[in-house]
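For the sequence shown, my numbering begins at 1193 and goes up steadily by one. Where a beta carbon is used, it is the ideal one built from N, C-alpha and C, also for glycine. Data first, discussion second: the structure below is written as structure tokens.
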Amino acid sequence: MLRVKVPAGVLTSDQAEAICTLSEQFSNGILHLTCRGSIEFHWLKHEHLEGLFARLAEVGLTTRGACGGAVRGISCSTTFAPGFTVVQGIAQKLNRHFAGNPDFEGLPKKFKVGIEAGYQGSRHLIQDLGFVMTEDAGEQPTFDVWCAGGLGRLPQASFLLAQAVLEDQMIHLIESVVVVYRANTPPPKRLKFLLNTIGEEKFRQLLQEEMTQRPLPEPPVLGEDTPLVPEGSYIEIPIFGGETETSLLRQLAAIARGCAGGYLAVSANQNIAMFAASASETKALKSALTQQNIKTDDPDILPSFRICPGKHECRMGLAPTRDIARSITAAVNKTTRSSSWAISGCLNSCSQPQLADFGIVTKKLKTADDGEKQPLFDLYRRDGNALGKCIGEELSASTLYELIGTLK
Ligand code: SF4
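This is the structure in structure tokens:
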């Protein structure tokens, strides 16, 4: 598997088409869209990687630091709340600073940075550093900064590190936190481990010392060819489990070039979003989608269901997540159909189940009487602003579907 960093999830039609060509040439013509806005190729062969890296670089994309111990792809407010254009631009600047920057690689484990236009979706809770825009009226936007969140085996919500942080101060702060993290954390632990080990007070002291001695970086800039979507409305095309054939992505890229400014975005729900700056553009976009029989509402797909690749493609996967998700889709009742859902194939929780209204985590395998290994699931429910709480433990698939049918 190779994951392409797509800052803020936004890519141009040219970039989307280049990714499609590479998937057709070197993989199976199917792409996986992640809930952090990245795109994955699966089933690649080692000997093809060099050509693939080179072609991605030609269209301004990279896989460097998209996996492993590095500052990962900068995720963004992919609920497309007002202010998305502002935070998307900042995500692009941060990506230019951190992607492939050797000073911020070789970390004990992944380091996730997210920027949100507001508190919708609560994605700040699960970032190593989550920035939430609070003001966009002055010369620079300001942010609340949340720190040391993460899911995985020990889910932990971030804590509020700072308030009223200006855009110009963000890189200095991120660099300083990364340096403190790297200097004090044993591999393969994340920042949340450091916080739990030394406590918030000591962490703040180390951070203050680093920030005092660390030189201020140059203000970040945007490249001339940086894709920036306009403020306006958007249309989301549902993609079940974020699994799309390149033929569909090609169609969407062509439509985007004609009537959506030449941009597409991978949404937090693993769908494809297309933007329209005016009512007439929205009309043209809807008409182009209809002409090509592309649905914007599919009754066979829950409107918000994040699904990790699970056993289908991930060696960590304990359950065939897409198959289970189909059965869940059939089991939900009218009340919970419009809720947000997520399923992960193991405790790593890549689909962020604790941020969905209802989240399912495959916890372990149990050997049945016939010797077959069956997955057992934990069911989470989110109510309020915190991470979801477990409401059903170690459920078999059939018990899970029954329980889901009764949820209100
Ligand atoms: S949650 Fe587990 S199975 Fe799913 S993609 Fe992540 S590591 Fe793989």
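- Leu1494 and Met1193 have their C-alpha atoms spaced approximately 27 Å apart.
- Per DSSP, Thr1326 is one residue of the beta strand (DSSP E) stretching across 1321-1327.
- For Gly1509, the Cβ falls inside the 7 Å cut-off from some heavy atom of ligand 1.
- For secondary structure counted as the beta strand (DSSP E) over 3 or more consecutive residues, the segment 1245-1329 holds these complete runs in sequence order: 1305-1308, 1321-1327.
- Taking C-beta separations shorter than 8 Å and ignoring five residues to either side along the sequence, the partners of Leu1241 in its chain run Leu1194, following chain order.
- Per DSSP, reduced to three states, the secondary structure at Pro1567 is strand.
- For Leu1225, the enclosing beta strand (DSSP E) stretches over residues 1222-1225.
- Around the beta carbon of Pro1407, fewer than 16 other beta carbons sit within 10 angstroms, so the residue counts as exposed.
- Taken atom to atom, the span from the alpha-carbon of Asp1328 to that of Pro1347 is near 31 Å.
- Secondary-structure assignment with DSSP links Ser1425 through a beta bridge to Ala1468.
- Judged by their CB atoms, Leu1358 and Cys1339 are not nearer to each other than the 8 Å cut-off.
- Counting along the chain, the unbroken beta strand (DSSP E) around Asp1336 starts and ends at 1334-1339.
- Judged by DSSP secondary structure, Glu1367 falls outside any beta strand (DSSP E) and instead within the alpha helix (DSSP H) spanning 1362-1376.
- Of all alpha-carbon atoms in Lys1285, Gly1509, Asn1525, the one lying nearest the alpha-carbon of Thr1554 is that of Gly1509.
- Assigned with DSSP and collapsed to three states, Leu1346 falls in coil, not helix or strand.
- In the structure shown, the three-state DSSP call for Thr1554 is strand.
- For Lys1237, there are no CB contacts under 6 Å within the same chain when 5 residues up- and downstream are skipped.
- If you look at Arg1195, you'll find it in the beta strand (DSSP E) that goes 1194-1196.
- Check the Cα spacing between Glu1435 and each of Thr1418, Cys1500, Lys1487: the tightest is with Cys1500.
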